[in-house]
Amino acid sequence: MSDVEFKNAGKVYDDGTVALESLNLTINEGEFLVLLGPSGCGKSTALRLLAGLEDITSGSISIGGSIVNDLPPGARGLGMVFQSYALYPHMSVRDNLSFGLRRAKGSARIDKTEISARVDEAAEMLDLHRALEKKPKELSGGQQQRVAIGRALVRRPKVLLMDEPLSNLDAKLRNRMRFELRRLHEMHGTTTLYVTHDQVEAMTLADRIAIISDGKLQQHAKPLDAYHHPANTFVASFLGTPAMNLIEGAAADGKFIAGDLEFGLPEHLADRRGPGVYGVRPEYVRILDEGGVRCRVGGIERLGGESICHLDAGGHWIRALWHRSGGDASPVVNEDHEQLSVDLAVPEAVLFEK
Ligand code: ADP
Numbered sequence: 002m003s004d005v006e007f008k009n010a011g012k013v014y015d016d017g018t019v020a021l022e023s024l025n026l027t028i029n030e031g032e033f034l035v036l037l038g039p040s041g042c043g044k045s046t047a048l049r050l051l052a053g054l055e056d057i058t059s060g061s062i063s064i065g066g067s068i069v070n071d072l073p074p075g076a077r078g079l080g081m082v083f084q085s086y087a088l089y090p091h092m093s094v095r096d097n098l099s100f101g102l103r104r105a106k107g108s109a110r111i112d113k114t115e116i117s118a119r120v121d122e123a124a125e126m127l128d129l130h131r132a133l134e135k136k137p138k139e140l141s142g143g144q145q146q147r148v149a150i151g152r153a154l155v156r157r158p159k160v161l162l163m164d165e166p167l168s169n170l171d172a173k174l175r176n177r178m179r180f181e182l183r184r185l186h187e188m189h190g191t192t193t194l195y196v197t198h199d200q201v202e203a204m205t206l207a208d209r210i211a212i213i214s215d216g217k218l219q220q221h222a223k224p225l226d227a228y229h230h231p232a233n234t235f236v237a238s239f240l241g242t243p244a245m246n247l248i249e250g251a252a253a254d255g256k257f258i259a260g261d262l263e264f265g266l267p268e269h270l271a272d273r274r275g276p277g278v279y280g281v282r283p284e285y286v287r288i289l290d291e292g293g294v295r296c297r298v299g300g301i302e303r304l305g306g307e308s309i310c311h312l313d314a315g316g317h318w319i320r321a322l323w324h325r326s327g328g329d330a331s332p333v334v335n336e337d338h339e340q341l342s343v344d345l346a347v348p349e350a351v352l353f354e355k
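2 is the number of the first residue of the sequence shown in the working numbering; add one for each residue after it.
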């Protein structure tokens, strides 16, 4: 059993910085959990607490049902992959992969045949079998990162920890490695905690995402559930590109009013009232032939397959994302300052209480 549980886990650094506030979070066996949040939100701290690289200052962390608060890092049965690969430059890929296994002593000792079998298996899984005799400097960045992952996997860790492992790669390689990491996880099924500030990585890799801001857990959900049903405005604006349109105002009598902007609420929100923030994702803002909200077109970003249209809706800037479907991705809008009408009262809209 390799469930991980953070129970009211907190970390206050010696200088008084509260990096993590009472985190309650479970990672199920075999699950790929992504801790997502902006820089400085406390996600690496959470990973380092689990790894035993920092002492927890309140609460507890357990692995497989046993509290590990006082266990040294080496005794926690974890594999770690960081942003820097830290491979031994003078050793071949084979020796880098087997290094940790060869050093195991006492009851943890592993015989040579087993070491060799595990290295071959990892090399096969990571497509490194033709590079086993090469030195790290003869490898691409992506291959080096795969060696770092392999080195963690050969130890058969109970939990695999990854802290921004793709940050050092260029954009193209990062996209490919992201895909490979997910495929790899499906092959080995190791319980994984993955830390990133990149919402695309989180959306594509995670079984579940834990979104953190200011040391506090904001939402813990499946990626698409968090995307479609964000728990609060932070999650709503953090997940998705372009970000969700958020309009501050108030609901009353089946309408939403925000200064000069006024429109009828969609059916599922029609009986809401009081101050709130109305949220609608850019891809759900539809052009209407008549009715709806009259907007001034402030500008269009044409990306080829899709266009982002910036609209002034009664003094509120909103974005609409239109996908190419057979023709131009912005068929109606051809020049700036044109007027058009859009529907904001869509079934996918959300309303956050204030
Ligand atoms: P993230 O990984 O989300 O970027 P961190 O967990 O590294 O964030 O940091 C969370 C907060 O704790 C930040 O405000 C950071 O400056 C602070 N912090 C991190 N490490 C230390 C440390 N060793 N001493 C004091 N403050 C720290």
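The beta-carbon is built from N, C-alpha and C at its ideal position, and this holds for glycine as well.
Check: heavy atom of the ligand ADP below 7 Å from Ala-172 C-beta; Outcome: no
Check: Buried versus exposed, by CB contacts within 10 Å (16 or more), Leu-352; Outcome: buried
Check: Contact test: Thr-58 Cβ vs the ligand ADP heavy atom, cutoff 7 Å; Outcome: no
Check: Any non-hydrogen atom of the ligand ADP within 7 Å of Tyr-86 CB; Outcome: no
Check: DSSP state of Pro-74 mapped onto helix, strand, coil; Outcome: helix
Check: Supposed contact pair Arg-320 and His-311 - C-beta distance, whole angstroms, cut 8 Å; Outcome: 6 Å
Check: CA nearest to the CA of Ser-45, picked from Asp-71, Gly-11 and Gly-78; Outcome: Gly-11
Check: Top-ranked residue by Cα proximity to Arg-209, from Tyr-228, Gly-143 and Arg-287; Outcome: Tyr-228
Check: Closer than 6 Å: residues whose CB approaches a heavy atom of the ligand ADP; Outcome: Tyr-14, Asp-16, Thr-18, Ala-20, Gly-38, Ser-40, Gly-41, Cys-42, Gly-43, Lys-44, Ser-45 and Thr-46
Check: Check whether Thr-193 and Leu-34 have beta carbons under 8 Å apart; Outcome: yes
Check: Residue range of the alpha helix (DSSP H) that includes Pro-243; Outcome: Taken as a continuous stretch (DSSP letters only), Pro-243 belongs to no alpha helix (DSSP H), as it is neither H nor E.
Check: Sub-8 Å separation of Ala-346 and Phe-264 beta-carbons; Outcome: yes
Check: Exposed unless 16 or more other CB atoms sit within 10 angstroms - verdict on Met-188; Outcome: exposed
Check: Arg-152 - partner residues in DSSP beta bridges; Outcome: Looking at the DSSP assignment, Arg-152 forms no beta bridge with any residue, so it has no partner.
Check: Rounded separation between Gln-220 and Leu-50 - CA only; Outcome: 20 Å
Check: Beta-bridge pairing of Asp-344 - partner residues as DSSP gives them; Outcome: Arg-287
Check: C-alpha distance - Gly-190 paired with Phe-257, whole-angstrom precision; Outcome: 47 Å
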